[in-house]
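Just so we're aligned, residue 69 is where the sequence shown starts under this note's numbering, counting upward by one.
Glycine included, every Cβ here is placed at the ideal spot set by N, Cα and C.
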Amino acid sequence: MSKSIVRTSPSVAPAPVVLVTSGSMDGPRNIITIAWATNCSAEPPMTCIAVRPSRYSHDLISAAGDFTINIPRVSHLKEVDYCGQVSGRQSDKFSDCGFTAGPSQKVKAPSIVECPVNIECVVRNTVKAGTHHLFVAEIVAVNADSDLIVDGKVDFSRVNLIAYAQNHYYELGRDIGVYGFSTRGKRA
Ligand SMILES: Cc1cc2nc3c(=O)[nH]c(=O)nc-3n(C[C@H](O)[C@H](O)[C@H](O)COP(=O)(O)O)c2cc1C
């Protein structure tokens, strides 16, 4: 198969699509859609999100030093897209989307009750990476809908997850293998 040169751009795909909250229960609060998010440390558990400084969320996260990552279901797709088009400077996206702000356990930023998994994060480092700033954060609490938890872990096969690539949304479906299956029984 021959290869062709394509325009140099951020091309890692697929990306997750998550809803990140900032602010607090009793003050300003906001939701932003983020595709540039990844786990980046197992111990301590850490994650990072890339946010443009022009976003309202950037102001709120910088001021409070925390945020939550909420994993949406496919049924939340319209809200996911909306929270990525409209700024919280103009509108309250919690009420626009019919989302409930619930108190988080360990951070000021509220969690989105309707999302099946809520991940509470405290910013430990901010890295300026060109157009976006990386908020590198420690995961201090994770809550999930009880019916998703199997052996103390979230069973993501029970959530209709959304993926994102080149401006399009995809629904994740089939489980096609388990970690380590290629070497099972072959390694000493
Ligand atoms: C699918 C999708 C993914 C997005 N990913 C990011 C991202 O990773 N980082 C970012 O800064 N903006 C991202 N955006 C754009 C912001 O979500 C958008 O500008 C939003 O309106 C900013 O909201 P705020 O001003 O209330 O913070 C994304 C938008 C969409 C629709």
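Compare the beta carbon distance of residue i and residue j with 9 Å and say whether it is the shorter of the two.
{"i": "residue 226", "j": "residue 205", "result": "no"}
{"i": "residue 125", "j": "residue 85", "result": "no"}
{"i": "residue 233", "j": "residue 110", "result": "no"}
{"i": "residue 137", "j": "residue 105", "result": "yes"}
{"i": "residue 151", "j": "residue 99", "result": "yes"}
Can you find a heavy atom of ligand 1 that lies under 8 Å from the Cβ of residue i?
{"i": "residue 164", "result": "no"}
{"i": "residue 152", "result": "yes"}
{"i": "residue 161", "result": "yes"}
{"i": "residue 211", "result": "no"}
{"i": "residue 149", "result": "yes"}
{"i": "residue 118", "result": "yes"}
{"i": "residue 106", "result": "no"}
{"i": "residue 187", "result": "no"}
{"i": "residue 144", "result": "no"}
{"i": "residue 115", "result": "no"}
{"i": "residue 74", "result": "no"}
Check the DSSP bridge columns for residue i and list the partner residues they point to.
{"i": "residue 95", "result": "Answer is none; residue 95 lacks a bridge partner."}
{"i": "residue 223", "result": "In DSSP, residue 223 forms no bridge with anything."}
{"i": "residue 232", "result": "83, 237"}
So does the stretch 115-126 actually touch the stretch 162-172, counting three or more Cβ pairs closer than 8 Å? no
So, does the stretch 172-191 touch the stretch 132-147, judging by three or more C-beta pairs under 8 Å? yes
**Request:** Report yes or no: do the stretch 170-179 and the stretch 197-212 share at least 3 C-beta pairs separated by less than 8 Å?
**Result:** yes
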